[in-house]
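So for the sequence shown, the numbering used here puts the first residue at 2; every next one is plus one. Yeah, the Cβ is synthetic: ideal placement off N, Cα and C, and Gly gets one too. Keep in mind that this is a model prediction, so the values were computed, not measured.
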Amino acid sequence: MHPPPASASSSRSPAPPSTPAPSTRSTTDMIVRYHKDGAKHIAIYNVSDTDNSDFSNPLVMFTPPSISGTPQGYTLYGSYMYFITGDGYSASNPDPGNTYITSINVNTGAIAQGPTLTKAGSTLTYREPEGLAIYRTDAGESRLFLGFATGEEGDRRSSIFYKNALV
2 MHPPPASASS
12 SRSPAPPSTP
22 APSTRSTTDM
32 IVRYHKDGAK
42 HIAIYNVSDT
52 DNSDFSNPLV
62 MFTPPSISGT
72 PQGYTLYGSY
82 MYFITGDGYS
92 ASNPDPGNTY
102 ITSINVNTGA
112 IAQGPTLTKA
122 GSTLTYREPE
132 GLAIYRTDAG
142 ESRLFLGFAT
152 GEEGDRRSSI
162 FYKNALV
């Protein structure tokens with residue numbers, strides 16, 4: 002898939018001058034989404050800094066582009082933030098649902114791909130997106146795991162699906 006035209010606007014704050022935004026991210030980086038001054042923000046920190054409660058030197062900070070839908074989770078992989086939105090099945094949101102995945106380039110703050118409808122688990126009787134994670138197999142293949150709440154009300158379960166074609 003090719004990235005869509007950069008139509009979403011994003012006000013990105015560059016990393017502090019002493020720490021240029023790298024083109025690839027480390028597996029020891031942590032992404033944080035937070036609300037401040039009436040807007041959502043994204044910051045990426047080195048985990049060793051956060052272990053010491055030091056949040057003063059983000060590697061990258063930006064205001065994410067506007068993405069429609071109910072936010073359900075996000076994860077960081079390399080230079081991309083993966084973001085999942087959607088709601089549980091209902092009379093107004095039947096199968097295949099409205100679960101979308103969007104990738105955002107954290108070095109630019111712009112959408113790289115998506116939002117793209119995912120039909121992972123669409124045959125479940127109930128399906129609500131709940132989160133994302135990255136997993137690397139022993140063979141080195143990276144996978145984007147998608148977590149969904151499934152099952153009957155009062156007896157919810159979790160189902161995990163994955164995609165191995167990433168940006």
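Neighbourhood of Pro-59 by C-beta distance below 7 Å, restricted to the same chain and skipping five residues each side: In the sequence shown, residue 59 corresponds to position 58, counting from 1. Ala-16, Ala-44, Ile-45, Tyr-46, listed in sequence order.
Alpha helix (DSSP H) segment containing Asp-50, residue limits: On the sequence shown, position 49 is the one that residue 50 refers to. 48 to 52 is the extent of the alpha helix (DSSP H) around Asp-50.
Proximal residues to Ile-68 (C-beta, below 7 Å), its chain only, five neighbours per side dropped: What you label residue 68 is simply residue 67 of the sequence shown in a count that begins at 1. Within the same chain, Ile-68 has close Cβ partners Phe-84, Thr-86, Thr-103, Pro-116.
Length of the line joining the Cα atoms of Gly-89 and Glu-154: The count along the sequence shown starts at 1 and reaches residue 89 at position 88. The count along the sequence shown starts at 1 and reaches residue 154 at position 153. Answer to the nearest angstrom: the Cα atoms are 11 Å apart.
For Ala-44, the residue or residues it bridges with in DSSP: Translated into positions along the sequence shown, residue 44 becomes position 43. Beta-bridge pairing links Ala-44 to Val-33, Met-62.
Pair within 8 Å by beta-carbon distance, Thr-100 and Thr-124: Counted from its first residue, the sequence shown places residue 100 at position 99. Counted from its first residue, the sequence shown places residue 124 at position 123. Taking 8 Å as the cut-off, the Cβ atoms of Thr-100 and Thr-124 do not count as close.
Rounded separation between Pro-95 and Gly-70 - CA only: The residue given as residue 95 occupies position 94 in the sequence shown. The residue given as residue 70 occupies position 69 in the sequence shown. Cα to Cα, the separation comes out at about 15 Å.
Residue interval of the beta strand (DSSP E) (run including Arg-128): Against the sequence shown, residue 128 aligns to sequence position 127. Note, Arg-128: beta strand (DSSP E), 128 to 137.
Length of the line joining the Cα atoms of Tyr-127 and Ser-91: Position 126 of the sequence shown, counted from the start, is the residue given in the question as residue 127. Position 90 of the sequence shown, counted from the start, is the residue given in the question as residue 91. Taking the straight line from one Cα to the other gives about 8 Å.
Rounded separation between Gly-132 and Gly-74 - CA only: Residue 132 sits at position 131 when you count from the first residue of the sequence shown. Residue 74 sits at position 73 when you count from the first residue of the sequence shown. Each residue's Cα considered, the two are about 4 Å apart.
Own chain residues within Cβ distance below 8 Å of Ser-159, not counting five before or after: In the sequence shown, residue 159 corresponds to position 158, counting from 1. Contacts found: Glu-131, Gly-148, Phe-149, Ala-150, Thr-151.
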